[in-house]
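J.: Below is the structure I would like to discuss, written out as structure tokens.
Protein chains: 2
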Amino acid sequence: MAGIAYVNGAYLRSSNAQVHIEDRGYQFADGIYEVCLVIDGRYWDAEGHLDRMDRSLKELGIRQPMSRASLRTVMAELLTRNRLKDALVYMQVTRGVAPRNHPFPAAGVTPALVMTARRFNLDDNDARAKKGVKIITQPDIRWARVDIKSISLLPNVLAKQAAVEANAVESWLIKDGKVTEGSSSNAWIVDDTGAIITHPKGREILGGITRETAIACARDLQIRVEERPFTLAEAAQAKEVFITAATVLVMPVIAIDGQKVGDGAPGPIAAQLREAYKERARSA
Amino acid sequence: MAGIAYVNGAYLRSSNAQVHIEDRGYQFADGIYEVCLVIDGRYWDAEGHLDRMDRSLKELGIRQPMSRASLRTVMAELLTRNRLKDALVYMQVTRGVAPRNHPFPAAGVTPALVMTARRFNLDDNDARAKKGVKIITQPDIRWARVDIKSISLLPNVLAKQAAVEANAVESWLIKDGKVTEGSSSNAWIVDDTGAIITHPKGREILGGITRETAIACARDLQIRVEERPFTLAEAAQAKEVFITAATVLVMPVIAIDGQKVGDGAPGPIAAQLREAYKERARSA
Chain D
1 MAGIAYVNGA YLRSSNAQVH IEDRGYQFAD GIYEVCLVID GRYWDAEGHL
51 DRMDRSLKEL GIRQPMSRAS LRTVMAELLT RNRLKDALVY MQVTRGVAPR
101 NHPFPAAGVT PALVMTARRF NLDDNDARAK KGVKIITQPD IRWARVDIKS
151 ISLLPNVLAK QAAVEANAVE SWLIKDGKVT EGSSSNAWIV DDTGAIITHP
201 KGREILGGIT RETAIACARD LQIRVEERPF TLAEAAQAKE VFITAATVLV
251 MPVIAIDGQK VGDGAPGPIA AQLREAYKER ARSA
Chain B
1 MAGIAYVNGA YLRSSNAQVH IEDRGYQFAD GIYEVCLVID GRYWDAEGHL
51 DRMDRSLKEL GIRQPMSRAS LRTVMAELLT RNRLKDALVY MQVTRGVAPR
101 NHPFPAAGVT PALVMTARRF NLDDNDARAK KGVKIITQPD IRWARVDIKS
151 ISLLPNVLAK QAAVEANAVE SWLIKDGKVT EGSSSNAWIV DDTGAIITHP
201 KGREILGGIT RETAIACARD LQIRVEERPF TLAEAAQAKE VFITAATVLV
251 MPVIAIDGQK VGDGAPGPIA AQLREAYKER ARSA
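Pasting the structure below:
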């Protein structure tokens, strides 16, 4: 994180950026989060992320920590105080601080809000996209409500660590023979006809904000989009494979479990979609 | 929690008991915990809890925060500083503080250790056991590694909240038609023959320490123990139903989803087992 964090009403230096040990986020993973990309001082897809934050809070019965206008003020202030123009902004809301006990605490307990920012380098990200990335596969052992963007991320951590140990950057998660999504990204393939395929929204995946925008971009580009589950066998035969997330935008995948995708180089559709995504996000 | 908490090397007043916002426990639920009962200044089943803590850490690749002897010193000191003789001691270990990123941080990052204590009233607990408690059922939507006692507890929180909203104290979790366990306790029934039945250990339940001791007590009492999954229909027909956990010891259940168990009063086997458990834990 950068030098200054927002923690429950105060802008604090990193060394003082602390929460109480009985914050329910710390003891129960009882909270949600969002990650927003900022380029040239402008938040990309911010309304989408804030809408999803509202939904996650509603699903868990956590009150909103403040109005959207106030959130926007904190988001802007955080960039100013950290002198950041290109950044990833992280925001987390938990059910607040209360004596440890599983059920929700009394109604008077205030939700906790933490926000941090760190520098993002779009050129580096673009350079990675030119090379493409490698992924592996792992069983999808997560809970049944991954549509909620909760901080209950231990299975995601383990899947990501497995990827890193295999010199890859992401793990695709396999459930009942189908690819649901990555540990921190949505999963896509391009079939023989040039159509792009990604798992439909529902309780089995997190409805990615970048995923939504990428679908809109594809439609603008007259690329057919199929929202349906696909198998690893289909991915192995795909013309192209890519992942999407706020942190990677649209990122080509060049190998799965050590097997080359196509000829092992990023493909044209992912590249086209990445450029369209950047244009759309910039002008939104 | 009581007045003084142990937080990463220091004994702190509650108001100062804080951890960094980038503690991986707060952002990723990347940690584990234990709850130990203390009666008359003596820890019950402490070795079992510490053994399980070691196992949880090992499964997640988190280093031990300190030796067992040092942990025992902190456990004792916490009781002394809080002047507690009857207490629930909570200890939590996370993978430590590092810039937010899913994979494990560099090897040099120190695990975080937090320990708290709060007063426990065994007489009140016994009084509850005389009356018995009501439970409901909920789908088991947890991840596939609930044998690890992780702080990734959001599904448990939601199941417990559902119980509280139904004027019950616990939710039994149903998976593939079988009762796995409660949101914070193990699940037991007594059949027509007087045998007690509980789900076997494995990845589908947390191997309860109180559960182990209760099994040993049952065997001492010549009660037959069957470790096998059972259905809700079997529970509805059971002579007795009860739950076990460090926080409830052996607690009779008198209703499931609003349906009386037997005649709606605590049964003799649960009562016998509770007394045997207390004797065994006291003299261990």
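In order, the protein sequences belong to chains D and B. The opening residue of the first sequence carries number 1 in the working numbering; numbering runs sequentially from there. The opening residue of the second sequence carries number 1 in the working numbering; numbering runs sequentially from there. Beta carbons are placed, not taken as given, at the ideal position from N, Cα and C, and that holds for glycine. The model shown is predicted, which means the values in this text are computed figures rather than measured ones.
Listing by chain order, which chain B residues have their CB less than 7 Å from the CB of PRO155 (chain D)?
T.: Result: TRP143.
J.: Decide yes or no for the touch test of the region 23-32 of chain D against the region 248-258 of chain D: beta carbon pairs closer than 8 Å, at least 3 of them.
T.: No: the two stretches stay apart, fewer than three of their Cβ pairs being nearer than 8 Å.
J.: Using three-state DSSP, classify GLY31 (chain B) as helix, strand or coil.
T.: Three-state result, GLY31 (chain B): strand.
J.: Give the C-beta separation of ALA129 (chain B) and PRO229 (chain B) to the nearest angstrom, bearing in mind that I take them to be a contact with Cβ-Cβ under 8 Å.
T.: That belief does not hold up - the Cβ atoms of ALA129 (chain B) and PRO229 (chain B) are roughly 26 Å apart, past 8 Å.
J.: Answer with buried or exposed for GLU204 (chain B), where buried requires no fewer than 16 other C-beta atoms within 10 angstroms of its C-beta.
T.: By the neighbour-count rule (16 or more Cβ atoms within 10 Å), GLU204 (chain B) is buried.
J.: Measuring only the C-alpha atoms, how far is ALA270 (chain B) from PRO99 (chain D)?
T.: Distance between the alpha carbons of ALA270 (chain B) and PRO99 (chain D): 30 Å.
J.: For ASN167 (chain D), does the count of other Cβ atoms within 10 angstroms reach 16, so buried, or fall short, so exposed?
T.: Counting Cβ neighbours within 10 Å, ASN167 (chain D) comes out exposed, since fewer than 16 surround it.
J.: Looking only at its chain, what residues have a beta carbon closer than 6 Å to the beta carbon of TYR6 (chain B), apart from the 5 residues adjacent to it on each side?
T.: Contacts found: VAL74, LEU78 and MET115.
J.: Go ahead and label THR110 (chain B) buried or exposed: buried means 16 or more other beta carbons lie within 10 angstroms of its beta carbon, across all protein chains shown.
T.: So THR110 (chain B) ends up on the exposed side.
J.: Would you identify the three-state DSSP class for SER164 (chain B), choosing helix, strand or coil?
T.: Sequence inspection shows Val at residue 164 (chain B); the Ser mentioned does not correspond to that position. Three-state result, VAL164 (chain B): helix.
J.: Which residues in the same chain have their Cβ closer than 8 Å to the Cβ of PHE104 (chain B), if we skip the five residues on either side of it in sequence?
T.: Correct list, in chain order: GLY61 and ARG95.
J.: Buried or exposed: PRO200 (chain D), going by 16 or more other Cβ atoms within 10 Å of its Cβ?
T.: It is exposed - the Cβ of PRO200 (chain D) has fewer than 16 other Cβ atoms within 10 Å.
J.: Using the three-state DSSP reduction, which class does ALA159 (chain D) fall into: helix, strand or coil?
T.: It is helical.
J.: Just tell me which of D:LYS58, D:PHE120 and D:SER15 has its CA closest to the CA of ALA246 (chain D).
T.: Comparing Cα-Cα distances from ALA246 (chain D) to each of D:LYS58, D:PHE120 and D:SER15, the minimum goes to D:PHE120.
J.: For LEU158 (chain B) and LEU71 (chain D), I'd like the C-alpha separation in whole angstroms.
T.: Cα to Cα, the separation comes out at about 27 Å.
J.: For HIS20 (chain B), is the beta carbon positioned less than 7 Å from some heavy atom of the ligand FMN?
T.: Absence of the ligand FMN from the depicted structure is noted, as is the absence of any ligand whatsoever, leaving it without description.
J.: Are the beta-carbon atoms of VAL250 (chain D) and LEU221 (chain D) separated by less than 8 Å?
T.: Against a cut-off of 8 Å, the Cβ pair of LEU221 (chain D) and VAL250 (chain D) comes out as no contact.
J.: Answer with buried or exposed for THR180 (chain D), where buried requires no fewer than 16 other C-beta atoms within 10 angstroms of its C-beta.
T.: Result: buried.
J.: When the Cα atoms are used, what is the spatial distance from LEU12 (chain B) to ASN8 (chain D)?
T.: LEU12 (chain B) and ASN8 (chain D): Cα-Cα distance of roughly 21 Å.
J.: So, does the region 46-56 of chain B touch the region 147-154 of chain B, judging by three or more C-beta pairs under 8 Å?
T.: With the cut-off at 8 Å, the region 46-56 of chain B and the region 147-154 of chain B touch.
J.: Count the other CB atoms within 10 Å of the CB of GLN92 (chain D); is the residue buried (16 or more) or exposed (fewer)?
T.: It counts as buried.
J.: Scan the region 158-225 of chain B and note each continuous alpha helix (DSSP H) run of 4 residues or more that stays entirely inside, going in chain order.
T.: Complete alpha helix (DSSP H) runs here, min 4: 209-220.
J.: Compare the C-beta of GLY25 (chain D) against all C-beta atoms of chain B and say whether one is closer than 8 Å.
T.: Judged by the 8 Å Cβ criterion, GLY25 (chain D) is in contact with chain B.
J.: Assign ASN16 (chain B) to buried or exposed, taking buried as 16 or more other Cβ atoms, counted over all protein chains shown, within 10 Å of its Cβ.
T.: With fewer than 16 Cβ atoms within 10 Å of its Cβ, ASN16 (chain B) is classed as exposed.
J.: If you follow the beta strand (DSSP E) that ILE62 (chain B) is in, where does it begin and where does it stop?
T.: Counting along the chain, ILE62 (chain B) falls outside any beta strand (DSSP E), and DSSP gives it neither H nor E.
J.: Looking at the secondary structure, which residues open and close the alpha helix (DSSP H) in which ALA276 (chain D) lies?
T.: 268-283 is the extent of the alpha helix (DSSP H) around ALA276 (chain D).
J.: Inspect the beta-carbon positions of TRP172 (chain D) and ILE135 (chain D) and report whether they are closer than 8 Å.
T.: Contact: yes.
J.: So with CB distances below 9 Å, who are the chain E contacts of ALA17 (chain B)?
T.: Judged by its chain identifiers, the structure shown contains no chain E, and its protein chains are D and B.
J.: Hey, quick one: how far does the beta strand (DSSP E) through ARG13 (chain D) stretch, first residue to last?
T.: Looking at the DSSP string, the run of the beta strand (DSSP E) that includes ARG13 (chain D) is 10-13.
J.: From the DSSP output, read off the bridge partner residues of ASN134 (chain D).
T.: With the sequence shown as reference, residue 134 (chain D) is identified as Lys, and Asn is not the correct amino acid for it. Answer is D:ALA255.
J.: Can a CB atom of chain D be found closer than 8 Å to the CB of ASP30 (chain B)?
T.: Judged by the 8 Å Cβ criterion, ASP30 (chain B) is in contact with chain D.
J.: Consider the Cβ of ALA187 (chain B): report whether some Cβ of chain D lies at a distance smaller than 8 Å.
T.: Not an interface residue.
J.: Below 8 Å between beta carbons: does that hold for ARG52 (chain D) and GLY207 (chain D)?
T.: Against a cut-off of 8 Å, the Cβ pair of GLY207 (chain D) and ARG52 (chain D) comes out as a contact.
J.: So with Cβ pairs under 8 Å, would you call VAL164 (chain D) a contact of chain B?
T.: So, interface residue.
J.: Under 8 Å, do ALA276 (chain B) and CYS217 (chain B) count as touching if we go by C-beta distance?
T.: Against a cut-off of 8 Å, the Cβ pair of CYS217 (chain B) and ALA276 (chain B) comes out as a contact.
J.: Mind listing the chain B neighbours of SER184 (chain D)? Cutoff is C-beta to C-beta under 9 Å, in chain order.
T.: In chain order: HIS102.
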